[in-house]
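All residue numbers for the sequence shown refer to full-length UniProt numbering, where the first residue is 1 and numbers rise by one.
Just so it is clear, CB atoms sit at the ideal spot from N, CA and C, and this is done for glycine as well.
I have placed the structure first, in the form of structure tokens, so that the comments after it can refer back to it.
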Amino acid sequence: MDDLPAELRGLVSYLAQDDRPSAILSDADEVAYCNASFEGLAISKHTLKTLLSQWRVPDRPVEKLCGIEGEDGRTWKRVHVLDGWTTLVCVGVHGHHAQHAATRTESAERSETKPAIPDTDGSLTPSKSQDFDWTKTEVLGLSPWTRYVRDFDWSTTPLGPMRQPAPVAWVEIYDPMRPYFEQAWQGNPVTLTELPVMMQREGAAIEEKFFDLSLLPIVGQHENERPAGVLDELVDVTQTVRGRRRRDSVRYVGQAIGSATSLKQLWPAFLIGLEPAVVDAPYAVIYSIQDDDSATHANTFEKNCILEGTVGIDADDGALPERFGLGMQLEACSGIIKACLRVWQSLEPIALHSADGSLPISLRRASLGRGFDDELRMAIVTPIMSAVADQEMLGILVIGLSPRSPYDEEYKLWTHIVSDLVRKTATLIILPEEQRRAQRIANELNDSLVHQLRITTLQAEQSEGKFRRMAESAPQGMYMFDSEGRTLHVNDKYLEILGETREHHSTRRPRSDDWKDQVHAEDLDRFLNMWNTIMGKKVPVTFEYRLKKPWKSIDDATGQELEGETWLLANAFPDIGTDGEILAVMGWLTDVSHRRMAEKLLAQRLNDALENKRQSENFIGDYGTGSAIDAS
């Protein structure tokens, strides 16, 4: 047991309190630690060896596997946690063994077995006295979302149950993250920007991700006490990093091909510009399309594909033919020739996949240092068409795609832009001078308009984001409805004031039946008339109305509980379009119950004061009259 790494000592504490038979195994499949439940099974070495042999798969590391059933009817799960160390956990018992397992579990609970290995300064998990599980501690005033997260059965998800040690919960990424966790457990905040993480979700391929990461130690009650926990704030910035990288590659390609004056100069210049894109374009191949000079008849117009160059893939191994004709039958071809023929006939880009065998084996590997040195699963083959009316095909471009990025809309846009760059440049080269100048001006104007549109779109998105953040942090309720009364947007404060969920509120319309459960009966007609006023007169309105739910608060001065009616102040105004029609109705909602209560109390105190004054005056008057009578 002394040979266990320090990082696994916290795992020992976890397994010691687990009712399920559990053990930690070394890379040699030796039991380095087992809890009381596992020890009570008295599993022989032969039985354990037979059980573990079911996981041995040649040339493959131990992965998460469930459903391995032993000779005793138990189902076991084995998980890789750290540098060859694994855990073995019984996740189910079948048949007559279930009753015996239950008996042993009760015995283990009564024994309150302590961890076999004490906590040390090198442990990455706080001691048991500092263990704090926020999901098990009752806290008042939680939001519905927080309560949902607390009560959800996480053990039924891939994340697994709460209270798992980090090496188990984050098994896919824990090894590279371990140094940062160590710093955080020592009380040092950790902030990392654009941290590259290669994630392999269960059953999926490795994916390149980037995160902005903050690990914030949760300070304990005492000054020198180790942190009570670590708060992990994670922001996925993969799209931002990929977008910047791809924009840079487009710029490199544009700079490289800008000075080309012939197609012979264009093809190698394009490949030079694409060479830095080692991730997004592991390899690229360009074929030009030329007339067949060896044609024997004048009326023969067969075209040939001529290999013009490659980047990221070796053209000397025979996998890429230097020349082939485009007049061959599609059924008689294979590999890259068949793909080029399909593009030649359809004039449309096509995708090649390793899964269906359309991607040749020779195109599944790029040069060392490109595409993470992984096997490629996809490539695209796209025609290079001239932009003039006759739409002549000038060449064919083959680009291998990153094996660690999904071919999503963003990736498709990048490949389209790259191929469009070479297409437009090739068109300019083959045009006469006058047409070339006009085409260049048209391209520059088009690029300028596209750039301006992107800037405008980005500004609009930023403005919308600022407005949304402002709305969510506003102390008043904010709302926006369309002309039919359907909800376009309401902030959290608005829903809090009304005391209902976003889903339920979205079903409401400006009708009596939809609001009679919410608005006070005496104010319902006035409430609906205000909507009709806005829609009919197209003017802003301000009004107060009551809800059916009571208002409760605590007097800060006396600590006395206050209770009354819930009063709301609504400000609403129409958003009118250029055609004079109302596009939306928006405004603010403020809870003025406290003000109404203050006014009520003030009026009550004023009435009490006036009543006291009246009674005092009556008393003085009566007293004076009585004195006069006595004197007589």
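* Any idea which residues DSSP pairs residue 641 with across the strands? -> Since the first residue of the chain shown is 1 and the last is 632, residue 641 is not available in this structure.
* To do: Helix, strand or coil for Glu-112, going by three-state DSSP, please let me know.
  => Here Glu-112 scores only 40 on pLDDT, less than 50, and its place in the model is too uncertain to base an answer on.
* What distance in whole Å lies between the Cβ atoms of Thr-87 and Val-168, which are believed to be in contact at a cut-off of 8 Å? -> Between the beta-carbon of Val-168 and that of Thr-87 there is about 7 Å, and that keeps the pair under the 8 Å contact cut.
* Asked: Looking at the structure shown, is Gln-164 part of a helix, part of a strand, or coil, going by DSSP?
  -> Reduced to three states, the DSSP call for Gln-164 is coil.
* Can you tell me the Cβ-Cβ gap for Pro-349 and Ile-337, rounded? I've got them flagged as a contact below 8 Å. => Actually they are not in contact, since the Cβ atoms of Pro-349 and Ile-337 sit about 17 Å apart, beyond 8 Å.
* Range of the contiguous alpha helix (DSSP H) that encloses Gly-40 -> Counting along the chain, the alpha helix (DSSP H) containing Gly-40 begins and ends at 36-41.
* Between Tyr-33, Asp-83, Ile-272, Val-91, which lies nearest to Asp-19 when the distance is taken from Cα to Cα? -> Checking every option, the nearest Cα to that of Asp-19 belongs to Val-91.
* Looking only at C-alpha atoms, which of Gly-477, Ser-386, Asp-420, Val-285 sits nearest to Leu-431? -> Comparing Cα positions, the closest option is Ser-386.
* **Own chain residues within Cβ distance below 7 Å of Ile-417, not counting five before or after** => Counting only Cβ-Cβ distances below 7 Å, and skipping sequence neighbours, we find Val-250.
* Asked: For Ile-380, does the three-state DSSP call read helix, strand or coil?
  -> Strand, per DSSP.
* **Other residues of its chain near Gln-200: CB distance less than 6 Å, five sequence neighbours each side excluded** => When the five nearest sequence neighbours on each side are left out, the beta carbons in the same chain lying within less than 6 Å of the beta carbon of Gln-200 are those of Glu-172, Ile-206, in order along the chain.
* Reference Asp-27; option with closest CA among Thr-47, Gly-84, Leu-48 -> Out of Thr-47, Gly-84, Leu-48, Gly-84 has the C-alpha closest to the C-alpha of Asp-27.
* DSSP state of Leu-326 mapped onto helix, strand, coil -> Three-state result, Leu-326: coil.
* To do: Could you say which of Val-592, Leu-263, Ile-257 lies nearest to Leu-421 if we only look at CA atoms?
  => Comparing Cα-Cα distances from Leu-421 to each of Val-592, Leu-263, Ile-257, the minimum goes to Ile-257.
* From this set, Asp-579, Gln-476, Asp-575, Thr-382, which residue's C-alpha is nearest Arg-342's C-alpha? -> It is Thr-382 whose Cα lies nearest to the Cα of Arg-342.
* Could you say which of Val-81, Glu-484, Ala-474, Leu-524 lies nearest to Asp-492 if we only look at CA atoms? => It is Ala-474.
* Asked: What do you reckon, are the CB atoms on His-520 and Arg-486 nearer than 7 Å?
  -> In this structure, Arg-486 does not lie closer than 7 Å to His-520 by Cβ.
* To do: Inspect the beta-carbon positions of Ala-379 and Leu-363 and report whether they are closer than 7 Å.
  => Taking 7 Å as the Cβ cut-off, Ala-379 and Leu-363 qualify as a contacting pair.
* Contacts around Pro-196, its chain only, beta-carbon distance under 8 Å, and the 5 residues preceding and following it disregarded -> Residues Glu-208, Lys-209, Phe-210 of the same chain have their beta carbon placed closer than 8 Å to that of Pro-196, with the five preceding and five following residues left out of the count.
* Looking only at its own chain, which residues have a Cβ that is under 7 Å from the Cβ of Lys-424, when we skip the five neighbours before and after it? -> Taken in chain order, the residues that qualify are Ala-387, Asn-443.
* To do: Would you give the residue range spanned by the beta strand (DSSP E) that Ile-272 belongs to?
  => That residue, Ile-272, is in no beta strand (DSSP E); its alpha helix (DSSP H) goes 263-274.
* So what does DSSP say about Arg-78, is it helix, strand or coil? -> Collapsing the DSSP output to three states places Arg-78 in a strand.
* Asked: Do you know how far the Cα of Leu-602 is from the Cα of Gln-615?
  -> Each residue's CA atom was taken as its position, placing Gln-615 and Leu-602 some 20 Å apart.
* Asked: Counting Cβ pairs, one atom from each stretch, are 3 or more of them under 8 Å apart for the stretch 344-358 and the stretch 253-272?
  -> Remark: fewer than three beta-carbon pairs, one from each stretch, lie closer than 8 Å, so the stretch 344-358 and the stretch 253-272 are not flagged as touching.
* Asked: Would the beta-carbon of Trp-344 fall within 7 Å of that of Leu-326?
  -> Trp-344 places its beta carbon less than 7 Å from that of Leu-326.
* To do: Count the other CB atoms, across all protein chains shown, that sit within 10 Å of the CB of His-80; report buried if there are 16 or more and exposed otherwise.
  => Under this definition His-80 is a buried residue.
* Around the C-beta of Leu-445, are 16 or more other C-beta atoms found within 10 angstroms, so that it is buried, or is it exposed? -> In summary, Leu-445 is exposed, with fewer than 16 beta-carbon neighbours lying within 10 Å of its beta-carbon over all protein chains present.
* Would a C-beta distance cut-off of 7 Å place Val-237 and Glu-275 closer than the cut-off? -> Inclusion of Val-237 and Glu-275 in the CB contact set at 7 Å is not warranted, their separation being larger than that value.
* To do: Taking Leu-231 as the reference, give the member of Asp-248, Leu-48, Arg-404, Leu-213 with the closest Cα.
  => Distance check between Leu-231 and each of Asp-248, Leu-48, Arg-404, Leu-213 places Leu-213 closest, using alpha-carbon atoms only.
* Which residue from Asp-482, Asp-555, Cys-34, Lys-548 puts its Cα closest to that of Gly-577? -> Out of Asp-482, Asp-555, Cys-34, Lys-548, Asp-482 has the C-alpha closest to the C-alpha of Gly-577.
* Can you check whether the CB of Pro-403 is closer than 7 Å to the CB of Arg-377? -> Yes. Within cutoff.
* Considering only residues of the stretch 168-228, which uninterrupted alpha helix (DSSP H) runs meet the minimum length of 4 residues and lie entirely inside it, listed in chain order? -> Those alpha helix (DSSP H) runs which fall completely within the stretch 168-228 and span 4+ residues are 174-185.
* Secondary structure, alpha helix (DSSP H): runs of 4+ residues fully inside the stretch 361-440 -> For the alpha helix (DSSP H) assignment, the uninterrupted runs of no fewer than 4 residues enclosed by the stretch 361-440 are, from N- to C-terminal side, 409-430.
* Helix, strand or coil for Pro-574, going by three-state DSSP, please let me know. => Strand at Pro-574.
* What are the start and end residues of each continuous alpha helix (DSSP H) run of 4 or more residues lying completely inside the UniProt domain "PAS" (463-538), in chain order? -> Fully enclosed alpha helix (DSSP H) runs of no fewer than 4 residues occupy 492-498, 502-505, 512-515, 524-537 of the UniProt domain "PAS" (463-538), in order along the chain.
* Near Pro-574, which residues of its chain fall below 7 Å by C-beta distance, leaving aside the five closest residues on each side in sequence? -> If we look at Pro-574 and ignore the five residues flanking it on each side, its Cβ neighbours are Ile-534, Lys-538, Ile-582, Val-585.
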